[in-house]
Each structure stands twice: as C-alpha cells, then as structure tokens.
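Protein chains: 6
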Amino acid sequence: MLLNIVNGNTTAAMTKTIAAAAAKAARADTTIRAVSSAFGPASIEGAYDDAFAVPGVLERIREGEAEGADAHVIACFDDTGLDAARALAAAPVVGIGEAGFHLASLLAHRFAVVTTLSRSVPVLENNLLRYGLDRRCAAVRATDVSVLELDNPASNARARIAGEIARALEDDRAEAIVLGCAGMADLASSLSSEFGVPVIDGVAAAVVLAEGLAAIGLKTSKRGGYARPIAKDYSGLFAPFSPRA
Amino acid sequence: MLLNIVNGNTTAAMTKTIAAAAAKAARADTTIRAVSSAFGPASIEGAYDDAFAVPGVLERIREGEAEGADAHVIACFDDTGLDAARALAAAPVVGIGEAGFHLASLLAHRFAVVTTLSRSVPVLENNLLRYGLDRRCAAVRATDVSVLELDNPASNARARIAGEIARALEDDRAEAIVLGCAGMADLASSLSSEFGVPVIDGVAAAVVLAEGLAAIGLKTSKRGGYARPIAKDYSGLFAPFSPRA
Amino acid sequence: MLLNIVNGNTTAAMTKTIAAAAAKAARADTTIRAVSSAFGPASIEGAYDDAFAVPGVLERIREGEAEGADAHVIACFDDTGLDAARALAAAPVVGIGEAGFHLASLLAHRFAVVTTLSRSVPVLENNLLRYGLDRRCAAVRATDVSVLELDNPASNARARIAGEIARALEDDRAEAIVLGCAGMADLASSLSSEFGVPVIDGVAAAVVLAEGLAAIGLKTSKRGGYARPIAKDYSGLFAPFSPRA
Amino acid sequence: MLLNIVNGNTTAAMTKTIAAAAAKAARADTTIRAVSSAFGPASIEGAYDDAFAVPGVLERIREGEAEGADAHVIACFDDTGLDAARALAAAPVVGIGEAGFHLASLLAHRFAVVTTLSRSVPVLENNLLRYGLDRRCAAVRATDVSVLELDNPASNARARIAGEIARALEDDRAEAIVLGCAGMADLASSLSSEFGVPVIDGVAAAVVLAEGLAAIGLKTSKRGGYARPIAKDYSGLFAPFSPRA
Amino acid sequence: MLLNIVNGNTTAAMTKTIAAAAAKAARADTTIRAVSSAFGPASIEGAYDDAFAVPGVLERIREGEAEGADAHVIACFDDTGLDAARALAAAPVVGIGEAGFHLASLLAHRFAVVTTLSRSVPVLENNLLRYGLDRRCAAVRATDVSVLELDNPASNARARIAGEIARALEDDRAEAIVLGCAGMADLASSLSSEFGVPVIDGVAAAVVLAEGLAAIGLKTSKRGGYARPIAKDYSGLFAPFSPRA
Amino acid sequence: MLLNIVNGNTTAAMTKTIAAAAAKAARADTTIRAVSSAFGPASIEGAYDDAFAVPGVLERIREGEAEGADAHVIACFDDTGLDAARALAAAPVVGIGEAGFHLASLLAHRFAVVTTLSRSVPVLENNLLRYGLDRRCAAVRATDVSVLELDNPASNARARIAGEIARALEDDRAEAIVLGCAGMADLASSLSSEFGVPVIDGVAAAVVLAEGLAAIGLKTSKRGGYARPIAKDYSGLFAPFSPRA
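Chains as they are written, first to last, in our numbering: chain D, 1 to 245; chain U, 1001 to 1245; chain G, 2001 to 2245; chain A, 3001 to 3245; chain C, 4001 to 4245; chain S, 5001 to 5245.
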C-alpha cells in the first residue's frame, strides 16, 4: 500500500527523522512517500505557525491523493490541518497527535504528553478535548526545548525530556508517555527502556493506524463535517487551491 | 476607538451587511474599519474553506494593528483563525461565534444556534466545547441554506431559519437563539420580535465585547498559547507572512 | 444609559470602591446608580451570608427597574441572587463573577481566580460549573484575607493577593487572573503591570458587558428559568416582596 | 431520633402531605417535627420564589437545632437553601431533590425527573450538575401542573404526571423515575405499580438518608464551604438572623 | 429486616471486621447475614482479582435472595460484581464504595478517598466516573498498605492512612474522607476525631443505605441494564450458575 | 505474528464468524488463533453474563500467552474482562468494542453504535464513558435482536439493524456506524455500501489495532491499574487461576 506522510513543516532534516520512524513501523509491503510541507514555517511552534502550515500540508495531501495514496499521515503533533485534509482526501487521514493519544489509551489508564514549548500546550489540550481523550490524559508537559533544537546534541534535549517523563510518572501518576513532537521519534525506544513504561512515538502510531484503516477498507465519512469541499473560486494567492466539483 | 472588523470571506456584499450591523451596534465614537478577507474563499462552508480563509484574515488583522486598532473582530461565525489572530495582535480579538455564545449564556439557561450548512455544525460544536459553553447550548441546527443564498430573496432563507428557531424552542427547550452566520445579521431583530425570545447576532455581540475589552484596557494574555509568534522564515508563498521579532 | 449597580453587601465603603471602578469603566454617557444592598450582611463570606444578601439585592434591582435602568450589575463576586434578579427584571442583569470569567476566557486559554476566604471557593466553583467555564479555570485560590480587611492597609492584603497570583501563574499555568471580590477592584491595574498578564476586575467587566447588552437591545429571555415570577402572596416578613401580575 | 423536616413553603396542606410521607418512611423510634417555612412564598415556582423561601427555611433549621434535631430534611425539591442550612446546622441536612437523585442512581443506570413547571427545570438541572448526577439523569420533564394544583382533583395532575412518565420511559430510556415535587409524595407507590419501575418520592428518600447519616454519626464537614457562619451584624429586616459566635 | 452482607474476598478475619462495623451501624431490628465470598481471592487487589471475586460474590447474593434478604451489601470497596448482582437480585443491592461516595457528597463539597494499593486507584476512578461523582472527588490516594496488612499492627497501616488524609486535606482541599477498603472500617471514628472532618466507612454507609432503600420499598429497576438474566446454559465450571427463567 | 482472538462466549458458530472476519482483516503473515471462551455463557447479554464470561476469556488469554501470542483480541463487544486481561498478559490486549469506537472517531465527528439488546446499552455507555469517547458517540441503539438470532435468517436481523442505522443517520446526525456485536461482523461491508457511510466491524478494527501495537513493540503499561496480579491463593473453583509470581 502507498502511505503519504506529510511533515507539517518544511525542514528536510525532520522529514528524514519522520521517514526513518515511519519506515521502521510500516509493513514490509508499504511504500512510504515522506514529504515536507510544500511551503510555510520551518517549525510549528504555536497557533500562528499552525495557521500558515495548513495550506502547504493540504497541497501535499492533494498530491498524495493524485498519486493514489491508500492513507495519509499528518506528521505534526498539533494534527495541523487534520479536519481540512479529511474533507479533501478520499483516503483516510491520521494525525500523529491523535494516533499517540489513542494508542496510549489502549495501554494505560492514564497517560501524559511530553512536548516542546509551553505555547503548544493549549493546542494539544484543545485537541485532547475534541478527541474526547482529555479525561485519559494526566498532563501535557512542556520541556521548553524548541522543535529544531531536538536535533542539536548541545541542547540537552533528551535529558530535559527524561526529566519531564520522570515528573509525569511521579507527580501525575501517568502510566504511559506520548512524545509530543515528530522530532522526538527516535527517542521513544530508549526512553521506554529507561523508564519501564510505554513511550509512544506518534509517527509510528499513526503509521500503523493509517495502514490498519486502509487494510480494512475504512475511509473518512463524507457525511457531515468531512463532506467534500463545495466547488468555488478562491481569490488571490489561493486561487490554485479552489475546490473543484 | 478604532475597531477592525474582518469578514472571514472575500464577498463584498457580506462585508457590507457586517459593516451595517457593526455600525448599528457600535458606540458613537467608535470608528469601524470593516474589510473583507485579503484573499481566499468567497464563502466559508466547512473546514477546508476555513483553512484557506485564515491567512487572508490574519493579513487584515496585521493591517488593523498597523493602523492602530483598539480591538479586532473576526466576522466569521466559525471564529476562523481566532487563536492565530490572538497570537499576532497586541489589541484584543473577538470572534462573532464566541461573542454570540457568551452573550446568550448571560440571557438564558439554554440557547440554540441556527446556522447554514450541516457541514459547519461540527466546527461550531468543537468551538462550543473549547469555549466551555457546549453545556449551555441545547443544539446547533442547520438550515441548509448556503452562505451566499442568505442574501437571495428566492432562497426562502428567512422562512427556513424561522422554522429551525421554532423547532429549537419547542424540541430543544432553547430559551434564546444565536444566529450562526454573519450573513444573518439583519434578521436578528425581526426574528426576536416574532418569537419573543432573544435572537442574537454575533456581529453586534462581538462589537460590544470588543469595545468593552478595549474600554477597560484588557488585552490578550501573552503568556502561554497566545504568546507572540517566534521570529522565523516561512518559505514559498508564505514568505511575506514570516513572523519578525 | 442608566446602569443600576448593586453592591451585594451593606458596607458603604465597598459601594464607594465599586462606584469608582464602575465610573472608570463606563461610557461617557452612562449614568451610574451605585447602591449598597437594602439590608442584610455587611460582607458576604460563604453560603449563609449569601442567603441573607439576596432579598436586599433584589429590592435594589426592583428600585432600579422602577427608575428605568437599562441594565443591572450585581456587584458581589458570588453572583448572589443572579437567577432571581433575572426573573424579576425586564432589563438584562450581569454578575461581576460571571463577567470576570467570561472576559478572561476571551483573553487566555486558562485563567485563575484569586479570592478572599476558603469558604467562598466552593461557591465560585459551583458558579463556574453552571456557567460552563470550569474547564477554562485552572484554579480558584483563596488568600484568606477577609472581605473587609481588603481596605485595611495593615492587612497586607495586596501582598497576599500577589502571592496567590504568582502561584497561579507558576503552579496552575494560568495565563490570566480574575480578582475574586468587588473589594479588590482598585488593585487590578497595578497587579496586571506587576505580573504582565491580564488581571481582571469583575466590576469593570460587568459594566462593559451590561452596557453592551443594553446597547444592542438584548434582554433576559422570559422563556424557561427566567420567566417573570408568578403572582402570589408571600407571608410574614416577605409580604412586601410578593410578586404581582 | 429527632428529625426536623422543613417544608420549603408556607402551605399547611403540603406540610401535611410531607409529614404523612415522612412518617410512613421513618423508623419506628424516629420523632418527626414537620413544619412549614416560617415565612415567605406559599409555593416555590422558580428562582425568585426560591430566593424568598430560604430565610424562612433557615429559621426552621435554627429552631430544629435548638430542639436537638439529629438531622434535618429540606422538603422542597429545589433543595432550597441547602448550602446555607449546612453551614448553619451541626446536624446533617438532606434535601429531598438530592435524596431522590442519589437513591435513583443506586437503582437504575438512567433515571428521569418528572416535575411541575417548566421554569423549575433549569433549577433542577443546575442542581443535578452540581451534585454530579446530571450524567445519570436522562431528562427533567415538566408537567406544567402548578404546585398547589397537585392537591386539586380537578387538575388532572396524576394523569399528566403519568403521561410524562410514559414518555420518559419510552423516549428517554429512563429506567427509574424521581417525582420532582414534595406535593407528589402520595403518588409514588401507585405510579410505581402502574409502570413497573421504581418511582421515587424525595421525601421518603430524604428521611432514610437523614436517619442513616445520623445513625452512624456523620455530620456535615465544617472545613471549607460549609464552615460555620462568621459572626457579624446583619442590618434591617435581617438583624435577627445575624450569625453569632 | 434481613441484610445480606457479602465480603468480596474469602478472608474470614475481614468478614468479621465487616460484620462488626455493620452491626454497629444497623437498626436494632435488622438481622445481619455477613458472609465471605463463596470462593476466589483472599484479597482483592486490582482488576484480575476483581474478575475472580465476582462469581463467588454472586453465589452469596443468590443464597441471600433464597433466604429472603431485604437488601444486599457488597462489602468490597471496588463494588465488585455490583451490576451483575443487581441483575440477579430482586432486593436492592448497595456497594460499599458507592455508598461512601454518595454519603460523602451529602456532607462536603469535595471529598477524597484514601485506599490501599495504587493498582486499585484506576478501578475506583472508573467507578467514580460511572456514578457521576468524579467531579466531587478531589483525589483517590493510595497508601500502598496491602489489604491483609491492615490488620497487622506491625504494618503501621494507621499512620500511613493518617498521612494520606493529612495530605488530602491540605493539598487536595478535601473536606471529607472516604476510607477506601472494607478492612479500614474500624478506623473511621478515631480518624474523624483526629482530623476534625467526616471520615466515612463504606460498610456503615452501605448498611444505612441498604436499610433505607428496603424500608421505603425501593428495588432495582428491571428495565434496561439490570433486567433479570435471560435463561440460558452456561458451560463447564459455570454450569451451576446458568440463569433460569 | 501470532494473534490470539478470544470469542467472549462459547458458541462455535460465532467463533467461526469472528475467525473469518479476522482472517480477512489480518496481515498476510499473521497467524490467527481464534478460540471460543473456555467455559461460561453461550452468548453475552447483559452484566450477569459478562461476569461469568470473564474467567473463561482469561483462561484463553493465558493459553495465548503460553503459545507466544504477540497480541490478544477480546472478541466480545462489551470488552468483557479487558482490564483483567491487560493485567494478566505481557502482550497488548484490544477489545472489539473499544477498537470500533477508536477507529470510528478517526473517520467521523460523531458515530453511533447499533447493538443487540437494550440491556447491553448501559454496558456500552459505561465503556464509552471510561474510554472518553462518549462525547463522540451520538447514540447507542438497540435492535432487540438477540445475539444468537443474528445468524438466523428468519430473525430479520439485517433489516432491523438497517432500520436503526437509518435512524442514527437521520435522528442522531451520526456520520459513521459501529456494529455493536461480534456476530454482526459479516454485515459491515454491505451496510456500508447501502448507507454510504463507514460501517465498522469491531473484529476487523481490533485485528488491525492489535497488529499495529505489536508491530511497533508497544505493550500494556505495568505501572498502575494493569500491574501484574500479585501472587496469592484463590480458593475453591478458582484455585487453578491463582496468580503466581
């Protein structure tokens, strides 16, 4: 099957991390198309970046559809553009944030999220509320490591993430951890060993969910909120994105 | 004071309706800058349109800030781009959807929303949930009148809206009605007389809320989710929107 | 417009603080009638005081109606008697507690309340739950400064309030603060400067909300819970308060 | 044990109905002091009546305390004055509304409430929310039989109550019914036989709960919201109700 | 009346503690049948033990029914087997967990639970959620005293329970405490004296609730979730438990 | 990988239906061990059957563990014994009810469940609440087709299921349907074609979720509620099930 995995930002190094995590999680016969967002922010840190990340993500979803993708993954932990992508695509779409939350809730009574910046915490809390999984999430903790610092050994990122995991287990009584950024994908396994609890990377989680939906022929409902966009002209910069019948 | 009122879509006729409703609601000494979105969809009908409406709205917020606006109103009932606008602006920002919901909850134990298309219902339900006012909302009802039909006498729009109001009062035990589209602004008063309950137009509601916040010097918190965007380069189409320090 | 502002207690000094805050917040052409409750407790500290504050507040609402008030404000942070006042009045009624909560939720993802005594915390938590804004409130914190001590420089009230604000920002991740007593009205501005977040005085908030509702012709729904009281005889002490057709 | 049962209104006929229901439910060795409210409304129909019912109820609680009551019951389905009574009394206090809700939730997954006037529905819904039992309540249904009509054979009250019960079982999937007015106490048993589901009278429910609390020595917590009122002077009409140390 | 009290485990010493607490709480004319579970775990510590405790509890419920019990109590704080027992029995059934929660909510705005092992916390949190009382519960705190250590003076059990109570009052703002294990029944009274707040033993709470339901003729609804089991053959080990018409 | 799929009841025909649905959904290299429960009810209809289904399910989980299963599926829509199975197993465990709910929430804003008997509705509603997905579920609808009738062409089962789906789409505004019984697995595809919305079979959903968890190395957390059972002796019938260190 063909899986279209869209990094929400335009940073090639992070797309590479995502592609590696996806390849490791995917079925042997899955072909992965891992791409950066078509245009927009180099990293997504808060609601303003989110707003400008969406059109570039949707462009990559449209391309993936055209190439016959069986399922799409939006590889930004904010699940940036998820509703619009579901309206646009025929194939199912999974966000790495929601994927992490859903799988965590199958493994533990309470989970915690450890993410990058404090300004992203409300975005994630709003998502948890919408998905209905806020009640299962003990806390969303920020490390205040910026997205692009994750790759920088000098940032001490791993130690700061480990510190928040320790606090989540002790203070919030979390029983599992969801890593709140695509850029943390390569840390999940070693942190899980270190702490003895499931540490979930959203990219791997979204890959198996997207594969699973496609394998059993499930697609997004086109009744209600995810109905196909109504054909109309968009003006200016967005004319090329006008929905067509 | 200067109020920057941004129609979420690019349709001048609707901007005119909004401007008229705003002028009627505003203080005598308020100057209203009512503008259409800078580019994007001619009407917002569902999550895909929402995604492409946001950048054009933010451009108008940026302009309003530059012109010294004391407060901003986003005049799309989906509150399109509200979080990003709050991160961007120094002055407070109010969405007409949230404005309608908040004022309704000061007037009635339970209110209902009567909106345009069914595909917009989940968007509004998600907003109500985030704002915390879902518990106060008896129902969000769609008329399946499209946004631009509202202006068309042949559309029978008023009758269909009145029909849903009647059902909301009877079947949902609503005690007040919020009209769920900026294009319905001119119907509020006559529908209120007809049904003998408060019928709230979000534009008027947002105008008095925005004026009120500005009058007492309240601005959006810059701590947490609405922190000012971090300076970074956006690529491609969005380079002009890159946040600067 | 005429605004009827009723201090929930009978202490003239607090009515004066309230009147000053209201005057500062109000429109130039608003006339303020600021009055103490007609009879009852000198300060409202817990549910028993609340119970005996209500009739005196309602008497002042009745007077305000007779004088042609365009809107009413109940200036007790417990929103004492709010439902009964809404049933009684033709003009809209706003409580300073709800006003503070609603405006805070337009400025921040999460707010905290800093109030006087611990015994008032459940009253406020119950109100937040009813209004639907509990989900937006990170914490209600008591300073254990009594209501009438607020005016007493020896009470160290400001320092204790500032201490709780600091804890709310740090421990509860609050992004805005609502001051939980009418007697704190004069502290909002300096605390906001000190902490760099919105600090909301409920009196100012209620004034602009009440003005706003009146400006756009919105009144309390008379369908359902706020229907006009049914005419009947009250016995004894309360005979003069019997509702009349 | 001595049980102080306070009818929330001043109507002697209803106090008699309540006393009879209480006597039937009570332990053989329980002495019942059943009294009408000391002054105020002849029936409680909405929030305004509630406000003026509270002081007269509290006066009866105070008397009951003085007479050595082991527990108190507030026999108004709105649980009028419950928080203030708990602050005032040393002995435990139970409202007939909450009693009905709690016992219903021990007998059925979902219950419905059948009450008198529509204007009381929001009062009961607010109570259910506060008690936490809103999630267990399928619906609060109004018969629009007024409180004092319940006793009037010409009112067809029983038939209208039965009609709402039938709808609650069929349309709301209720599995048990709580009768939403003290004046319906004598109907519970025959309605239960007719419909084959538990039909709960709040007076009986409150009597056994109050007896139960007293029997095992449980009293209201004096820490937090129900702390004893702080000694202070009330002015005017309410001087006699001033709390004393 | 005859009360059938079933210890959820097979440990006779704990059944004795339960019987003593029940006898102390019960009416003079109540006959108590206090029995250990028919077979299964010696103590219930987590979901696996719960699963194997249920059939033995149901066997004792069936026996109690056959002996004409007027009401049943399941004396395990997890309320093990409660739904199945309600389906099976004609007489009402009360769990000691739910009994403690319900009575606590009549005495305090917020209560906390102090239980044995951390692994039981999710079980209790799930129950609170189902009962609707999660919103009233400030925290469920584990002492990590195992169930059978409670009786062992060397375990220092009382001190550890007292420590968690102190933290619940201070850190969680609890106003009352529910002891989260039948084996703690004998500590309630002394802990209540020590801390000056209600400390509720679920056994006593369940006894007065069960007596109360029976006294006023209330039984479990047989409509919906607690309908009598449909007659069918169970295979193997469970053949003797097959429901019969 | 080896997938252990346990039918919650002992009916071989239903195990066959489940095995077929699982085989169709599974990866080419997945080996499926599909077994009936070891002993207990022939069909699970309500909480009493659930209680007696659990031990036989756990026996099959234990066997599956011994045979080296990479993941387990509990193929009863009530998710019977799920918590205990998670405590017991080293490999992850997925219930078909939760699987259906989670996947539905990735495809639609609101879904509905169409199940067998009314008595099972509360069981499913309680599960939805625990999982946090109640907010996403528009309704749980009973067809009152019994579990074993599903296979009987004379039962008109398909027509009754289709009737409830039609009502869920129209009256509840559901956008996707979850079939609420393992015995309905073979109907999903044709009903989805008929109604043009996703119709989800829990067996297929659970298979891809279980495979997905195993593929990326995720296991149930052993911290908190799913900790391994403490070694102890069970008495009587259950001695063979005593947990061992």
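Ideal Cβ placement from N, Cα and C applies to all residues, glycine included.
Keep in mind the model is a prediction, meaning the values are calculated, not measured.
Where residue i sits in the DSSP three-state scheme
| i | result |
| --- | --- |
| U/Val1145 | coil |
| G/Asp2201 | strand |
| A/Thr3015 | helix |
| D/Ser235 | strand |
| C/Asp4029 | coil |
| G/Lys2219 | coil |
| U/Gly1068 | coil |
| A/Arg2947 | Here chain A covers residues 3001 to 3245 and nothing more, so residue 2947 of chain A does not appear. |
| A/Asn3152 | coil |
| S/Ser5242 | coil |
| G/Ala2090 | coil |
| A/Leu3117 | coil |
| S/Tyr5226 | coil |
| D/Gly81 | coil |
| D/Gly163 | helix |
| D/Gly183 | helix |
Chain C contact for residue i (CB, 7 angstroms cutoff)
| i | result |
| --- | --- |
| A/Glu3175 | yes |
| A/Ile3216 | yes |
Cβ shell of residue i (< 7 angstroms), same chain only, five flanking positions each side left out
| i | result |
| --- | --- |
| A/Val3208 | Ala3025 |
| C/Arg4228 | Ala4087 and Lys4222 |
| S/Leu5252 | No answer is possible for residue 5252 of chain S: it lies beyond the span of chain S, which begins at 5001 and ends at 5245. |
| A/Ile3165 | Val3114, Ile3177, Leu3191 and Phe3195 |
Beta carbon proximity, residue i to chain U, threshold 7 angstroms
| i | result |
| --- | --- |
| A/Pro3122 | yes |
| D/Glu45 | yes |
| D/Leu187 | no |
| D/Ile61 | no |
Those residues which DSSP pairs with residue i across a bridge
| i | result |
| --- | --- |
| U/Asn1007 | U/Ala1075 |
| S/Phe5111 | S/Cys5137 and S/Ala5176 |
| A/Gly3095 | A/Ile3074 |
| G/Ala2034 | G/Ile2005 |
| S/Gly5046 | None, per the DSSP bridge assignment. |
| G/Pro2041 | A/Tyr3234 |
Beta-carbon contacts of residue i that lie in its chain and below 6 angstroms, excluding the five residues immediately before and after
| i | result |
| --- | --- |
| C/Ala4185 | Thr4017, Ala4021, Asp4201 and Val4203 |
CB contact check: residue i to chain G, cutoff 7 angstroms
| i | result |
| --- | --- |
| C/His4072 | no |
| U/Ala1108 | yes |
Cβ neighbour criterion (16 or more within 10 Å) applied to residue i
| i | result |
| --- | --- |
| U/Asn1004 | buried |
| D/Gly183 | buried |
| A/Ser3193 | exposed |
| S/Gly5095 | buried |
Interface flag, residue i vs chain S, CB-CB below 7 angstroms
| i | result |
| --- | --- |
| D/Ser221 | yes |
| D/Gly183 | no |
Chain-order list of residues whose beta-carbon lies under 8 angstroms from that of residue i (same chain, five-residue window excluded)
| i | result |
| --- | --- |
| D/Asp29 | Met1 |
| G/Ala2245 | Ala2231 |
Chain A within 7 angstroms of residue i, Cβ atoms only
| i | result |
| --- | --- |
| C/Ile4018 | no |
Short CB-CB distance (under 7 angstroms) between residue i and chain D
| i | result |
| --- | --- |
| U/Asp1083 | yes |
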